[in-house]
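Q: Take this structure first; my questions come after.
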Amino acid sequence: MTNTTLEPHILVSMTYVSRANPDMSAEEFSAILQQAQANNTVNAITGMLIFNNNYFLQTIEGSRAQINHLLDALIADQRHYDLQLIETRELRCREWSRWAMNYASPTKENAALYLKYSTTVNFNPYLLSAESVRGLMSELSQ
Ligand SMILES: Cc1cc2nc3c(=O)[nH]c(=O)nc-3n(C[C@H](O)[C@H](O)[C@H](O)COP(=O)(O)O)c2cc1C
1 MTNTTLEPHI LVSMTYVSRA NPDMSAEEFS AILQQAQANN TVNAITGMLI
51 FNNNYFLQTI EGSRAQINHL LDALIADQRH YDLQLIETRE LRCREWSRWA
101 MNYASPTKEN AALYLKYSTT VNFNPYLLSA ESVRGLMSEL SQ
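In UniProt numbering, the protein residues as written are 1 to 142.
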């Protein structure tokens, strides 16, 4: 369980989109998720990760220093590319406090949700507004 009892003075949330390498296997994805959850538990980072249509869409939240440190690591990570920031903002309290890294994959049940927030026929998070991403993540996690 992530220790979020002692909150840092400045808590920030960062959301980005990126593209997974075309040859990414299910095992590789699973390794990313496990690494994220293990590290985040230690670093008091929480958040949500979507993997769909070979796109990653991720929100990470934690102390400003930790989030900037993770951003550096994410940009250098060769398992994905073309990382684009969607939103960074300060938080009064965490929105994903229960999850070291929550995760949503595409299923038959949630297919309509991805379409609801998409502006195109295929899910393409590069085209989503920050507000749409927040709505999508929130609905997917319910
Ligand atoms: C899509 C994606 C999401 C990731 N999410 C996280 C994360 O939430 N937390 C994290 O520590 N590392 C995450 N990583 C891994 C980092 O890029 C980096 O490899 C890792 O933080 C390095 O950790 P280490 O110093 O323990 O090797 C992610 C990588 C990818 C490709």
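Ideal Cβ placement from N, Cα and C applies to all residues, glycine included.
Just checking Met-101 against ligand 1 - is the residue's beta carbon closer than 7 Å to any of the ligand's heavy atoms?
A: One-based indexing of the sequence shown puts residue 101 at position 101. Because some heavy atom of ligand 1 lies under 7 Å away, the Cβ of Met-101 counts as near it: yes.
Q: Per DSSP, Phe-51 is paired with what?
A: Counted from its first residue, the sequence shown places residue 51 at position 51. Answer is Phe-56, bridged to Phe-51.
Q: Count the other C-beta atoms from every protein chain shown that fall within 10 angstroms of the C-beta of His-80, then say buried if there are 16 or more, exposed otherwise.
A: Walking along the sequence shown from the start, residue 80 turns up at place 80. Classification of His-80: buried, given that the 10 Å Cβ count is 16 or more.
Q: Mind reading off the beta-carbon distance from Ala-130 to Thr-46? Whole number of angstroms is fine, and I expect it under 8 Å.
A: Here residue 130 refers to the residue found at position 130 when the sequence shown is read from its first residue. Here residue 46 refers to the residue found at position 46 when the sequence shown is read from its first residue. No, Ala-130 and Thr-46 are not in contact; Cβ-Cβ is about 18 Å, not under 8 Å.
Q: Can you tell me where the alpha helix (DSSP H) with Asn-40 in it begins and where it stops?
A: Looking up residue 40 in the sequence shown gives position 40. Unbroken alpha helix (DSSP H) run through Asn-40: 26-43.
Q: Report yes if the C-beta distance between Leu-11 and Glu-90 is below 8 Å; otherwise report no.
A: Taking the first residue of the sequence shown as position 1, residue 11 is located at position 11. Taking the first residue of the sequence shown as position 1, residue 90 is located at position 90. It is a contact, given that the beta carbons lie within the stated cut-off.
Q: Give the single residue among Cys-93, Ser-18, Thr-119, Glu-61 whose Cα lies nearest to the Cα of Thr-41.
A: What you label residue 41 is simply residue 41 of the sequence shown in a count that begins at 1. Ranking Cys-93, Ser-18, Thr-119, Glu-61 by Cα distance to Thr-41 puts Glu-61 first.
Q: Who are the Cβ neighbours of Leu-127 in its own chain at under 8 Å, not counting the five residues just before and after it?
A: Sequence index remark: in the sequence shown, residue 127 carries index 127 (1-based). Counting only Cβ-Cβ distances below 8 Å, and skipping sequence neighbours, we find Ser-118, Thr-119, Thr-120.
Q: Assuming Asn-54 and Tyr-114 form a contact by the criterion Cβ under 8 Å, report the distance between their Cβ atoms to the nearest whole angstrom.
A: As a working note, residue 54 is residue 54 in the sequence shown. As a working note, residue 114 is residue 114 in the sequence shown. Their Cβ separation, rounded to whole angstroms, is 13 Å, which puts Asn-54 and Tyr-114 out of contact at 8 Å.
Q: Skipping 5 residues on each side, what residues in its chain have a beta carbon closer than 6 Å to that of Leu-49?
A: Reading the sequence shown from its first residue, position 49 is the one you call residue 49. The answer, listed in chain order, is Gln-58, Met-101, Tyr-103.
Q: Once you ignore the five residues that flank Arg-92 on each side, which residues in its own chain have a CB closer than 8 Å to its CB?
A: For this step, residue 92 is matched to residue 92 along the sequence shown. Cβ neighbours of Arg-92 beyond the five flanking positions: Leu-11.
Q: With respect to 7 Å, is the separation between the Cβ of Asp-23 and the closest non-hydrogen atom of ligand 1 below this value?
A: Position 23 of the sequence shown, counted from the first residue, corresponds to residue 23. No, Cβ of Asp-23 sits at least 7 Å from all heavy atoms of ligand 1.
Q: Please state whether the Cβ-Cβ distance between Thr-88 and Ser-13 is less than 8 Å.
A: For the purposes of this step, residue 88 is taken as residue 88 along the sequence shown, with counting starting at 1. For the purposes of this step, residue 13 is taken as residue 13 along the sequence shown, with counting starting at 1. Cβ distance < 8 Å, so Thr-88 and Ser-13 count as in contact.
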